[in-house]
Structure formats: C-alpha cells, structure tokens
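One structure is given below, encoded as structure tokens.
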Amino acid sequence: GAGVSQSPSNKVTEKGKDVELRCDPISGHTALYWYRQSLGQGLEFLIYFQGNSAPDKSGLPSDRFSAERTGGSVSTLTIQRTQQEDSAVYLCASSLVGNSGNTIYFGEGSWLTVV
Amino acid sequence: DQQVKQNSPSLSVQEGRISILNCDYTNSMFDYFLWYKKYPAEGPTFLISISSIKDKNEDGRFTVFLNKSAKHLSLHIVPSQPGDSAVYFCAAGPSFGNEKLTFGTGTRLTIIP
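Those protein sequence lines, which keep their order, are chains A and B. In terms of the numbering used here, the first sequence opens at residue 50 and continues consecutively. In terms of the numbering used here, the second sequence opens at residue 663 and continues consecutively.
Here is the structure:
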C-alpha cells in the first residue's frame with residue numbers, strides 16, 4: 050500500500066482481555082516503530098524494529114506488552130490482560146533507514162478503549 | 663521526565679498572521695529536531711526538520727529556528743491559513759538517521775478566519 054496501514058482502527062475491549070493490533074508498514078521500509086498517545090500526553094515510544102537486529106523494547110510500559118515483526122514486514126502489538134490505563138491511540142510508523150533521512154511515516158492509529 | 667516540552671497546549675492565531683509554536687528540550691544529546699502535524703483521526707505527518715549544525719531551516723511558509731544554547735526551537739508559520747489548524751508535535755532525536763524520537767505533548771493551533 051501507499052502508506053502505513055493499521056488495524057483495527059477502533060477497538061473496545063473489556064478489562065482483562067487480550068488485544069492484538071496490527072501494522073503493515075510502507076513497502077521497503079526497514080524500520081518500524083510503535084508509539085502510543087494517551088489522553089493529554091505526547092507520543093510515547095514503545096518499541097522499535099530495524100531489519101534483523103534485536104528490537105529496542107525499552108519503551109514497553111510493562112511485561113503485558115509485547116510486539117513482533119514477522120518477515121521484516123508486518124508487526125503485531127499484543128497487550129495482555131488489558132487495563133483501563135492502556136486506553137490510548139496506538140500509532141505505528143515506518144521509515145527507510147539511511148542517509149536519505151529519517152522521516153517517519155505514521156499510520157492513522159488504532160484507538161483502543163478498555164472498559 | 664519530559665525531555666521534550668511544549669508548554670503551550672493551545673494557540674489561536676488570526677488568519678494571515680504569524681503562528682509561532684515553541685518547544686524546549688533538556689537532553690543535550692539531542693542533535694536532530696522535527697515538527698509533525700496531526701489532524702484529528704489521522705496519524706502525524708512530517709512537516710520540517712533541522713539538525714544541530716544549523717540554526718534555521720525554511721520550507722515555504724514554514725521555518726524552524728534552533729537555539730542550541732537555550733535548548734529551544736520554534737516553528738514559524740507565515741502567513742497562517744485555516745488549513746494549518748492542527749496539533750503540532752515537536753520531536754527530537756540523538757542524531758540524523760536515528761529514528762528513536764522523543765515527542766512533546768503537542769500544541770493545538772487554531773487559525774481564526
């Protein structure tokens with residue numbers, strides 16, 4: 050596709066349930082990121098994948114959060130045993146790493162509401 | 663610890679006038695700075711960037727100024743247009759080509775026709 054694609058666009062889930070959020074990056078982009086934005090907060094870095102390197106997971110807020118990237122393309126962010134404070138918009142982004150620049154292209158986000 | 667700060671959550675500017683959005687940072691390792699624009703229900707889109715070797719970068723109506731000694735940058739939009747109404751995020755990274763960016767909380771800009 051032309052841009053970063055995320056699904057679902059909206060998700061309402063009950064507290065304690067697991068959710069999976071999917072990201073399909075721009076074709077050819079080797080770097081993939083997950084950010085989230087909670088109400089009234091800035092964009093919070095969660096995790097970063099670059100090629101075959103070990104992902105940078107330093108932003109994951111707890112061990113209930115995990116992410117994987119299969120085949121260097123599609124990524125799934127999984128939140129286990131969701132809590133109300135997990136409610137946020139989860140933004141995926143991708144970029145082409147290299148001297149051409151580090152412009153990050155964002156998807157439209159997955160809006161998660163935990164009730 | 664908010665390393666990138668946008669102290670004005672909102673700003674209203676008359677159409678045609680200059681909009682100035684400010685951003686402060688605390689991490690002296692930051693070397694590359696970007697502005698992103700976000701419309702409701704859309705992801706942020708890249709607007710303009712500047713590296714620490716410059717103090718100004720201009721792209722059409724948008725100019726970013728960097729004051730490294732003050733750890734401050736600003737985005738100027740002139741003349742402001744109604745389509746500029748959006749949330750603007752300041753972001754910083756340790757170096758050009760390093761994509762792990764730290765974002766501010768955003769400033770909602772409203773252009774008044």
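Beta carbons: idealized from backbone N, C-alpha and C, even for Gly. A quick note: this is a predicted structure, and the numbers were derived from the prediction, not measured.
Original post:
Any Cβ of chain B within less than 8 Å of the Cβ of A:G100?
Top reply: One-based indexing of the first sequence puts residue 100 of chain A at position 51. Chain B, which has no Cβ nearer than 8 Å to the Cβ of A:G100, makes this no.
Original post:
So, helix, strand or coil for B:D746, using DSSP?
Top reply: By one-based count along the second sequence, residue 746 of chain B stands at place 84. Helix.
Subject >> Alpha carbon of B:L696 to alpha carbon of B:T769, nearest angstrom >> reply: Working through the second sequence from its first residue, we reach residue 696 of chain B at position 34. Working through the second sequence from its first residue, we reach residue 769 of chain B at position 107. If I take the Cα positions, the gap works out to 14 Å.
**OP:** Go through the region 59-107 of chain A residue by residue and report every complete run of the beta strand (DSSP E) that reaches 3 residues or more, in order.
**Re:** Complete beta strand (DSSP E) runs here, min 3: 59-62, 68-73, 80-86 and 92-99.
Original post:
Does the Cβ-Cβ distance between B:Y694 and B:V666 come in under 8 Å?
Top reply: Within the second sequence, residue 694 of chain B is the residue found at index 32, counting from 1. Within the second sequence, residue 666 of chain B is the residue found at index 4, counting from 1. No. Outside cutoff.
Original post:
Nearest to A:D105 by alpha carbon, out of B:I712, B:A703, B:L771 and B:K762?
Top reply: Indexing the first sequence from 1 puts residue 105 of chain A at position 56. The closest CA to that of A:D105, considering only B:I712, B:A703, B:L771 and B:K762, is found on B:K762.
**OP:** Measure the C-alpha to C-alpha separation of B:G766 and A:Q55 and round it to an integer number of angstroms.
**Re:** Residue mapping note: residue 766 of chain B aligns to position 104 of the second sequence, counting from 1. Residue mapping note: residue 55 of chain A aligns to position 6 of the first sequence, counting from 1. Cα-Cα distance, rounded: 23 Å.
Subject >> Residues near B:P671 by beta carbon distance below 6 Å, same chain, minus five either side >> reply: The sequence position of residue 671 of chain B within the second sequence is 9, counting from 1. Around B:P671: no qualifying Cβ.
Original post:
Skipping 5 residues on each side, what residues in its chain have a beta carbon closer than 8 Å to that of A:V164?
Top reply: As a first step, residue 164 of chain A is located in the first sequence; it is residue number 115 there, counting from the start. Result list for A:V164: V61, T62, E63, K64 and Q133, in chain order.
Original post:
Where DSSP assigns a beta bridge to A:V27, which residues make up the other side?
Top reply: The question about residue 27 of chain A has no answer, for chain A in this structure spans 50 to 164.
**OP:** Verify the CB distance criterion: does B:K718 have a CB-CB separation below 8 Å to chain A?
**Re:** Locating residue 718 of chain B in the second sequence gives position 56, counting from the first residue. No - not a single Cβ of chain A is within 8 Å of the one on B:K718.
**OP:** On a CA-only basis, which of B:D717, B:Q676 and B:F724 is nearest B:I774? Give me that one, please.
**Re:** On the second sequence, residue 774 of chain B is found 112 positions in, with the first residue counted as 1. Closest option to B:I774, Cα to Cα, is B:Q676.
Subject >> Beta-carbon proximity check, A:L161 vs A:A142, cutoff 8 Å >> reply: As a working note, residue 161 of chain A is residue 112 in the first sequence. As a working note, residue 142 of chain A is residue 93 in the first sequence. Between A:L161 and A:A142, the CB-CB gap reaches or exceeds 8 Å.
Original post:
Going by alpha carbons, who is nearest to A:S115 out of A:L145, A:G121 and A:Y97?
Top reply: Taking the first sequence and counting its residues from 1, the one referred to as residue 115 of chain A is at position 66. For the residues A:L145, A:G121 and A:Y97, the minimum Cα distance to A:S115 belongs to A:Y97.
Original post:
Excluding sequence positions up to five away, which residues of its chain have a Cβ less than 6 Å from the Cβ of A:T127?
Top reply: As a working mapping, residue 127 of chain A is identified with position 78 in the first sequence. E69 and S115, listed in sequence order.
Original post:
Among residues of its own chain, excluding the 5 on either side of B:P756, which ones have a beta-carbon nearer than 7 Å to its beta-carbon?
Top reply: The residue you call residue 756 of chain B lines up with position 94 of the second sequence. Cβ neighbours of B:P756 beyond the five flanking positions: M691, F692 and D693.
Original post:
Under the three-state reduction of DSSP, which class applies to A:E117: helix, strand or coil?
Top reply: Along the first sequence, read from residue 1 onward, the residue named residue 117 of chain A stands at position 68. Correct three-state label for A:E117: strand.
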